[in-house]
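All residue numbers for the sequence shown refer to our numbering, where the first residue is 166 and numbers rise by one.
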Amino acid sequence: MTAPNTPDEPATPTTEGGLVRLRLDLSYDGTDFSGWARQPGRRTVQGILEEALAKQPPGASVPKSVVVAGRTDAGVHAAGQVVHVDASPLAGKTRSGRLELDEHGIPDLGRMRHRWNRYLPGDVRVLDARVAAPGFDARFSAVRRHYLYRVSDAPWGVDPLRRHDTLAWGRPLSVDAMNEASAALLGLQDFAAFCKQREGGTTIRELQRLVWRRTGPHAVEVEVSADAFCHSMVRSLVGALLLVGDGRRPLDWPGDVLESRTRDSAVAPAHGLTLMAVDYPPDAELATRADQTRAMRTPS
Numbered sequence: 166m167t168a169p170n171t172p173d174e175p176a177t178p179t180t181e182g183g184l185v186r187l188r189l190d191l192s193y194d195g196t197d198f199s200g201w202a203r204q205p206g207r208r209t210v211q212g213i214l215e216e217a218l219a220k221q222p223p224g225a226s227v228p229k230s231v232v233v234a235g236r237t238d239a240g241v242h243a244a245g246q247v248v249h250v251d252a253s254p255l256a257g258k259t260r261s262g263r264l265e266l267d268e269h270g271i272p273d274l275g276r277m278r279h280r281w282n283r284y285l286p287g288d289v290r291v292l293d294a295r296v297a298a299p300g301f302d303a304r305f306s307a308v309r310r311h312y313l314y315r316v317s318d319a320p321w322g323v324d325p326l327r328r329h330d331t332l333a334w335g336r337p338l339s340v341d342a343m344n345e346a347s348a349a350l351l352g353l354q355d356f357a358a359f360c361k362q363r364e365g366g367t368t369i370r371e372l373q374r375l376v377w378r379r380t381g382p383h384a385v386e387v388e389v390s391a392d393a394f395c396h397s398m399v400r401s402l403v404g405a406l407l408l409v410g411d412g413r414r415p416l417d418w419p420g421d422v423l424e425s426r427t428r429d430s431a432v433a434p435a436h437g438l439t440l441m442a443v444d445y446p447p448d449a450e451l452a453t454r455a456d457q458t459r460a461m462r463t464p465s
């Protein structure tokens, strides 16, 4: 007996009564959003996107919520967010006589993207839309997420043109010191000290990249990549390392905090953080990766 589809299960592209899974790539300015996840009475990215999909469905209907690769907090931006949505295929040859349907019963997604972006507010864009490969899950198939955090250590603050995506840090920062301190945080470790723990969730993550660089006289960026991140992990890591960079904490302090498994660092403000990209394995490995991740992340 086949279990009914849920948002976390792969949909098989079909025109025989099943659902067709679509992948959408998004960009958004998080300044005026209360985060990704839908919340009653609040403006959220998920809420705005699902409203657009309901107004302009990429099929007969969109019966389920969208599933996202990385749930961003209020104020966090995205340049390369990924979601999937399951759509009921349309019957017949066209929709209102204008949109050609593909073999899955889905209208031209290039034209649908144009329609969605006409409906969406200017701080959210659908960059790409396609029928997903079998087994694709935006959240569980992902192998890596990439974030970028921007900081200005100028004594006068932040360039007004970057004030929405760059943190003003009023002290000079040593990139060398922050990179040296970052080395102790890399690898497969328990990041309980840098996460807001959720009941039943694990705080073990593989931090694959944590590299600081100076991009201008007063501009500093850090690239952070991992298989996945627990809640507030990136901003907690950044907050701890900035204290090393300005000399208020020693080089070994972030590593000591990690080993203590006790939260003891400030969380950097949300607006400096941007989700840059999400990596996925080859199509043939998508379903296996999703199963492995579910087993690891989902409470038994």
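Note that the Cβ used here is the ideal one computed from N, Cα and C, for glycine as well.
Chain-order list of residues whose beta-carbon lies under 7 Å from that of residue i (same chain, five-residue window excluded)
i, result
"Ser253", "Leu184, Gly224, Ala225, Ser226 and Pro228"
"Gln362", "Thr368"
"Ala319", "His383"
"Ala449", "none"
"Ser199", "Arg207, Arg208, Thr209 and Ala239"
"Asp355", "Thr368, Ile369 and Arg426"
"Trp281", "Ala217, Gln221 and Val291"
"Asp197", "Arg208 and Asp288"
"Ala342", "Val409, Gly410 and Leu416"
In DSSP terms, what residue i is bridged to
i, result
"Trp377", "Val387"
"Leu353", "Glu371"
"Pro272", "Leu266"
"Ala405", "Answer is none; Ala405 lacks a bridge partner."
"Arg315", "Glu386"
"Thr294", "The amino acid occupying residue 294 in the given sequence is Ala; Thr does not appear at that position. According to DSSP, Ala294 bridges with Leu189."
"Thr439", "His242 and Leu313"
"Ser289", "Here residue 289 turns out to be Val, not Ser, going by the sequence shown. Beta-bridge pairing links Val289 to Tyr193."
"Gln444", "A quick correction: the sequence has Asp, not Gln, at residue 444. DSSP lists Arg309 as partners of Asp444."
"Leu332", "Val316"
"Gly322", "Ala319"
With 16 other Cβ atoms within 10 Å as the buried cut-off, status of residue i
i, result
"Gln204", "exposed"
"Trp321", "exposed"
"Gly335", "exposed"
"Thr237", "buried"
"Ala217", "buried"
"Ala219", "exposed"
"Arg414", "buried"
"Arg276", "exposed"
"Leu406", "buried"
"Leu326", "exposed"
"His269", "buried"
"Arg283", "exposed"
"Ala460", "exposed"
"Gly437", "buried"
"Ala307", "buried"
"Pro337", "exposed"
"Leu285", "buried"
"Ala358", "buried"
Same chain, Cβ closer than 8 Å to residue i, five either side skipped, listed in chain order
i, result
"Thr439", "Val241, His242, Ala243, Ala244, Tyr312, Leu313, Tyr314, Arg315 and Asp330"
"Leu187", "Pro223, His249, Val250, Asp251, Ala252, Ile271, Leu274, Ala294, Arg295, Val296 and Ala297"
"Tyr193", "Val210, His242, Ala243, Gln246, Asp288, Val289 and Arg290"
"Ser317", "Val323, Asp324, Arg327, Thr331, Leu332, Ala333, Trp334, His383, Ala384 and Val385"
"Glu215", "Arg203, Val227, Ser230 and Val231"
Integer Cβ distance of residue i from residue j, believed to fall under 8 Å
i, j, result
"Gly404", "Ala431", "4 Å"
"Val289", "Ile213", "6 Å"
"Leu332", "Pro434", "6 Å"
"Leu350", "Leu423", "6 Å"
"Ala452", "Gly300", "3 Å"
"Arg374", "Glu386", "Arg374 to Glu386, Cβ: 13 Å. No contact."
"Leu416", "Ala346", "5 Å"
"Arg309", "Ser390", "6 Å"
"Val443", "Gly195", "With a Cβ gap of about 16 Å, Val443 and Gly195 do not count as contacting."
"Asp324", "Ala455", "With 8 Å as the limit, Asp324 and Ala455 do not qualify as a contact, their Cβ atoms being about 41 Å apart."
"Gly352", "Glu364", "Rounded, the Cβ-Cβ distance is 26 Å, inconsistent with contact."
Sequence-distant residues of the same chain with beta carbon closer than 6 Å to residue i, five excluded per side
i, result
"Val376", "Glu388"
"Pro172", "Confidence in Pro172 is poor, its pLDDT being 41 and thus under 50, which makes the residue's placement unreliable; the coordinate value appears in the next sentence. Closer than 6 Å at the Cβ level, and outside the excluded window around Pro172, lie Lys229, Ser230 and Val232."
"Phe394", "none"
"Asp429", "Val422"
"Gly420", "Ala349"
Neighbour flag for residue i against chain C, beta carbons, 9 Å
i, result
"Glu364", "Absent from the structure is chain C; it holds one protein chain and no more."
(Q) I'd like the ranges of any alpha helix (DSSP H) spanning at least 4 consecutive residues and lying wholly in the region 180-262. (A) Listed in chain order, the complete alpha helix (DSSP H) runs (minimum 4 residues) inside the region 180-262 are 210-220.
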